[in-house]
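Beneath this line is the structure, given in structure tokens, with notes to follow.
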Amino acid sequence: MFRWVRKALNIWRLVQQNGSEIKSKYLNEQLTTNLAENIKTITKSFSYSNDVIVREFSCNITIEHSLNFALIYIEGLVSEDRIQQTVIKPIIEYNYSSKDPQQDYYSFVESYVLTNSQVARLESLNDSLDTLLAGDSILLVDGYNKSFFIGSKDWPTRGVEDTKTDVTIRGPHQGFTETLRINTTLIRRAIRNTKLTFESFIIGKQTRTDVVIAYLKGYVHPAILHEVKKRIKEIKADIILESGYIEELISDSPLSMFSTISYTERPDVVASKLLEGRVAIIIDGTPIVLTAPKVFIESFQHPADYYVGPSYYTSILRAIRFISFLISTTLPAIYVAVTSYHMEMLPAPLLKTIQQAMEGTPFPSPISILIMLFIAEILNQASVGLPRQIGQAVSIVGALVLGEAAVASGLIGDPEVIIVGLSVVSSYAAIKLIESMTILRVVLLILATVLGALGIAVGVLFILTYLSTLTSFGVPYLTPIAPIITTDIDDTLFRDILSKAPSKAKTIKPVETTKQFNKQEN
Numbered sequence: 002m003f004r005w006v007r008k009a010l011n012i013w014r015l016v017q018q019n020g021s022e023i024k025s026k027y028l029n030e031q032l033t034t035n036l037a038e039n040i041k042t043i044t045k046s047f048s049y050s051n052d053v054i055v056r057e058f059s060c061n062i063t064i065e066h067s068l069n070f071a072l073i074y075i076e077g078l079v080s081e082d083r084i085q086q087t088v089i090k091p092i093i094e095y096n097y098s099s100k101d102p103q104q105d106y107y108s109f110v111e112s113y114v115l116t117n118s119q120v121a122r123l124e125s126l127n128d129s130l131d132t133l134l135a136g137d138s139i140l141l142v143d144g145y146n147k148s149f150f151i152g153s154k155d156w157p158t159r160g161v162e163d164t165k166t167d168v169t170i171r172g173p174h175q176g177f178t179e180t181l182r183i184n185t186t187l188i189r190r191a192i193r194n195t196k197l198t199f200e201s202f203i204i205g206k207q208t209r210t211d212v213v214i215a216y217l218k219g220y221v222h223p224a225i226l227h228e229v230k231k232r233i234k235e236i237k238a239d240i241i242l243e244s245g246y247i248e249e250l251i252s253d254s255p256l257s258m259f260s261t262i263s264y265t266e267r268p269d270v271v272a273s274k275l276l277e278g279r280v281a282i283i284i285d286g287t288p289i290v291l292t293a294p295k296v297f298i299e300s301f302q303h304p305a306d307y308y309v310g311p312s313y314y315t316s317i318l319r320a321i322r323f324i325s326f327l328i329s330t331t332l333p334a335i336y337v338a339v340t341s342y343h344m345e346m347l348p349a350p351l352l353k354t355i356q357q358a359m360e361g362t363p364f365p366s367p368i369s370i371l372i373m374l375f376i377a378e379i380l381n382q383a384s385v386g387l388p389r390q391i392g393q394a395v396s397i398v399g400a401l402v403l404g405e406a407a408v409a410s411g412l413i414g415d416p417e418v419i420i421v422g423l424s425v426v427s428s429y430a431a432i433k434l435i436e437s438m439t440i441l442r443v444v445l446l447i448l449a450t451v452l453g454a455l456g457i458a459v460g461v462l463f464i465l466t467y468l469s470t471l472t473s474f475g476v477p478y479l480t481p482i483a484p485i486i487t488t489d490i491d492d493t494l495f496r497d498i499l500s501k502a503p504s505k506a507k508t509i510k511p512v513e514t515t516k517q518f519n520k521q522e523n
């Protein structure tokens, strides 16, 4: 038995080793000087797909000598008019009599003939394939063992539209798109600063997804920037299709109830976070941009906080969001604890009203509330998968019809419907924490069912302890409250006057990693 297992393992290691050698050979494979052979190699790499276009043409350099060319691109990803005007037409119509006899034809074509603004030499076959997959073209020349990169990206894109999330009445309405370069342009327009830097990565063995990080040099802490780059480079996934893949793979705590990486669809939000010393992660193919590090207090801040009303009005709104978070997570648990264990805490008239409403219902309060929460989550998921107008109607009508039917049939009491409805509605005031609130609501409800008020106290203590242990790229999650940073405490739950608002670069600073990074630098 064990001999068979060892044999199987040896075979598996041999296959893995051979596969790595083949892959390494493929990555370093060079083109040949034979044009027909190069065309066959490239088209074969794409399994002779019919969207890989090969345009062969030739031109007479002298009476006795002519050069054969092949322009290869993927249909739908390039501007055919652009390559016609900047590559094919110049090569065919150029007067080669002005060529220096000492200069080879390939360098001459690259330097003087091609009028495309983006031309470069590609050294390997893998570079040529990556260029085609990225939406550009390659030019092959007979007798030359390298290819020319031709910039020609031009695929259908969605224009800049209003944001679908973080909607504001006042302020910019532009949102990111699925096109990477449009998104970097929107950030560049918002921050006209030479310190704004973009760095590119290609992630995903199969999808080869373009990923760009953006930061302001001199604003971002070097340890944070180093950690972000390190985690992105260490990603070994085969598939990266959306920012959610990256978020999970580089997060400090992928299984945490609280997200340690923020996301947004608004360029102005990304710009403000970059100016606070954060790093933005932009992924091609999605309008959602990640920002890191993230602190807990960000979940109660909104883009409109700095656009609408005086600071005290915004401070009230932030306080309401925080209170809504508390109501959403603790109200069902408090109701169960009070009605099941601590009825003496309620005024007699209120207690009598609740008892009358609950009389004749077949389920105890904890079970009734769990059922209602489950139904509310079903309605929420049903509305998400439908078009916006239909989804809103389904959630509203469904809640009204089911709630009224449950009360009328005597399955659920009126107080429980009110408690669950208020808890669910409150969660939308702090929408960035809705997943966390959904889980915590049930956990606290179970603790309250078993231990009453003591269970709620234990649950809240556990949540606070858990939050205090979280970090985001070395930054404590409860910063600037724990640890307290006096320079930034004024702009947390309460918004300070803009003229007095301090720089957030002091907040976004790692605690433990700073010393380690400084040692590495030295």
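Using the numbering used here, you'd call the opening residue of the sequence shown number 2 and step up by one each time. All C-beta atoms in this analysis are idealised placements derived from N, C-alpha and C, irrespective of residue type, glycine included. Note that the structure is predicted; figures quoted are calculated from it, not measured.
In the same chain as residue 236, and ignoring 5 residues on each side of it, the C-beta atoms closer than 6 angstroms to its own belong to 204 and 250, in chain order. Under a 10 Å Cβ-count criterion, residue 122 is classified as exposed, with fewer than 16 other Cβ atoms of the shown protein chains found around its own Cβ. Linking residue 302 to residue 322 through their CA atoms gives a straight-line distance of about 9 angstroms. Closest in C-alpha terms to residue 148, from the list 131, 326 and 356, comes 131. For the region 226-274, the continuous alpha helix (DSSP H) assignments of 4+ residues that do not extend past its boundaries occur at 244-251, in sequence order.
Judged by DSSP secondary structure, residue 355 falls outside any beta strand (DSSP E) and instead within the alpha helix (DSSP H) spanning 349-359. For residue 342, DSSP assigns no beta-bridge partner whatsoever.
Under the criterion of beta carbons closer than 8 angstroms, residue 373 and residue 418 qualify as touching, at roughly 7 angstroms. When secondary structure is reduced to three states using DSSP, residue 134 falls in the helix class. With fewer than 16 neighbouring CB atoms inside 10 Å of its own CB, residue 118 falls in the exposed class. Rounded to the nearest angstrom, the gap between the Cα atoms of residue 238 and residue 47 is 22 angstroms.
A direct Cα-to-Cα measurement between residue 259 and residue 219 gives close to 29 angstroms. Exposure of residue 35 is indicated by the presence of fewer than 16 other C-beta atoms within 10 angstroms of its C-beta. Judged by beta-carbon spacing, residue 444 lies within the 8 angstroms limit of residue 460, meaning their Cβ atoms are closer than that value.
C-alpha of residue 165 to C-alpha of residue 429: approximately 15 angstroms in a straight line. Under the three-state reduction of DSSP output, residue 306 falls in the helix class. Note: residue 175 is bridge-paired with 163 in the DSSP secondary-structure output. Minimum Cα-Cα distance from residue 357 among the listed residues 71, 384, 416 and 309 corresponds to 416. Taking C-beta atoms under 8 angstroms as the contact rule, residue 326 and residue 434 qualify, at a distance of about 6 angstroms.
Every candidate beta strand (DSSP E) stretch fails here, since none sits fully inside the region 393-476 while reaching 3 residues.
Distances from the alpha-carbon of residue 268 to those of 186, 482, 310 and 198 put 186 closest. Assigned with DSSP and collapsed to three states, residue 39 falls in helix. Separation of the CB atoms of residue 241 and residue 210 is rounded to 4 angstroms, and the pair is thereby assigned contact status at 8 angstroms. Inter-segment contact for the region 128-146 and the region 65-74 is present: three or more beta-carbon pairs are separated by less than 8 angstroms. With 16 or more neighbouring CB atoms inside 10 Å of its own CB, residue 331 falls in the buried class. Under the rule that a run must span 4 or more residues, no alpha helix (DSSP H) segment is found entirely inside the region 45-83. Distance from residue 93 to residue 58 at the Cβ level is roughly 7 angstroms; contact confirmed, criterion being Cβ atoms closer than 8 angstroms. Inter-segment contact for the region 292-300 and the region 265-282 is present: three or more beta-carbon pairs are separated by less than 8 angstroms.
With 16 or more other Cβ atoms inside 10 Å of its own Cβ, residue 184 counts as buried.
Assigned with DSSP and collapsed to three states, residue 211 falls in strand.
Inter-residue distance for residue 462 and residue 469 is about 11 angstroms (C-alpha atoms, whole angstroms). In the same chain as residue 191, and ignoring 5 residues on each side of it, the C-beta atoms closer than 7 angstroms to its own belong to 268, 269 and 272, in chain order.
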